[in-house]
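Contents: one structure, followed by commentary.
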């Protein structure tokens with residue numbers, strides 16, 4: 389039974405990581421690529437770590453696997469956000485199908501300050 393559960397975790401995790409890789413190839417711009425890789429990649433790595441924990445069933449391995457899961461799930465979206473934001477400010481072009489560019493409305497090119505929506509409402 390342990391092998392079946394481990395296999396399911398590993399197969400599901402590797403499938404999600406494959407989807408993350410395909411997202412890098414198929415998505416049209418940096419922001420959508422970062423979204424695909426951070427979501428699917430983090431969940432895939434977490435599921436694979438859970439598979440290791442189920443297979444080995446030792447306290448030290450389980451604790452390490454849980455630490456990996458927490459670390460990846462907390463850091464991957466933040467890292468993707470920082471990279472995508474840096475790419476935007478450097479001038480990476482958005483996909484032509486982008487409906488709304490919220491940052492453009494709040495970013496001052498002269499001072500390089502990004503205002504919040506609450507500050508924008510107070511000025512109006």
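In our numbering, the protein residues as written are 389 to 512. Idealized CB from N, CA, C, for every residue including glycine.
Inset, instruction - Output yes or no for whether 8 Å exceeds the beta carbon distance between residue 453 and residue 429. - result: The sequence position of residue 453 within the chain shown is 65, counting from 1. The sequence position of residue 429 within the chain shown is 41, counting from 1. At a Cβ-Cβ threshold of 8 Å, residue 453 and residue 429 do not count as neighbours.
Inset, instruction - Kindly list the residues whose CB is nearer than 6 Å to the CB of residue 426, restricted to its own chain and excluding five residues on each side of it in sequence; keep chain order. - result: Translated into the one-based positions of the chain shown, residue 426 becomes position 38. Here the set comprises 464, 465, 468.
Inset, instruction - To the nearest angstrom, report how far apart residue 486 and residue 504 are at their CA atoms. - result: Taking the chain shown and counting its residues from 1, the one referred to as residue 486 is at position 98. Taking the chain shown and counting its residues from 1, the one referred to as residue 504 is at position 116. Rounded to the nearest angstrom, the two C-alpha atoms are 21 Å apart.
Legend entry - Any non-hydrogen atom of the ligand FAD closer than 7 Å to residue 501 Cβ: Looking for the ligand FAD in the displayed structure turns up nothing, as the structure carries no ligands at all.
Legend entry - Candidates 472, 415, 396: closest to residue 442 by CA position: Translated into the one-based positions of the chain shown, residue 442 becomes position 54. Closest option to residue 442, Cα to Cα, is 396.
Inset, instruction - Tell whether a beta-carbon distance below 8 Å holds between residue 439 and residue 409. - result: Walking along the chain shown from the start, residue 439 turns up at place 51. Walking along the chain shown from the start, residue 409 turns up at place 21. Annotated as distal: residue 439 and residue 409, with beta-carbon spacing of 8 Å or more.
Inset, instruction - Identify which residue in 420, 493, 407 has its Cα closest to the Cα of residue 471. - result: Along the chain shown, one-based indexing puts residue 471 at 83. Looking at the Cα atoms, 420 is the closest of the given residues.
Inset, instruction - Using the DSSP secondary-structure output, state which residues sit across from residue 496 in a beta bridge. - result: In the chain shown, counting from the first residue as 1, residue 496 sits at position 108. Listed as beta-bridge partners of residue 496 by DSSP are 501.
Inset, instruction - May I have the straight-line CA-CA distance separating residue 461 from residue 431, to the nearest angstrom? - result: Residue mapping note: residue 461 aligns to position 73 of the chain shown, counting from 1. Residue mapping note: residue 431 aligns to position 43 of the chain shown, counting from 1. So the alpha carbons of these two residues sit roughly 7 Å apart.
Inset, instruction - Spatial neighbours of residue 493 within its chain, please: CB distance less than 6 Å, with the 5 preceding and 5 following residues excluded, ordered by chain position. - result: Within the chain shown, the letter at position 105 stands for residue 493. Non-local C-beta neighbours of residue 493 in its own chain, meaning closer than 6 Å and more than five positions away in sequence, are absent.
Legend entry - Beta-carbon gap between residue 411 and residue 424 smaller than 8 Å: Stepping through the chain shown from its first residue, residue 411 is reached at position 23. Stepping through the chain shown from its first residue, residue 424 is reached at position 36. Yes; because the gap between Cβ atoms is below 8 Å, this pair is in contact.
Legend entry - Between the CA atoms of residue 458 and residue 445 - distance to the nearest angstrom: On the chain shown, position 57 is the one that residue 445 refers to. On the chain shown, position 70 is the one that residue 458 refers to. Straight-line Cα distance between these residues: approximately 18 Å.
Inset, instruction - Leaving out five residues on either side along the sequence, give the residues of the same chain with a beta carbon under 6 Å from the beta carbon of residue 475. - result: Along the chain shown, read from residue 1 onward, the residue named residue 475 stands at position 87. If we look at residue 475 and ignore the five residues flanking it on each side, its Cβ neighbours are 418.
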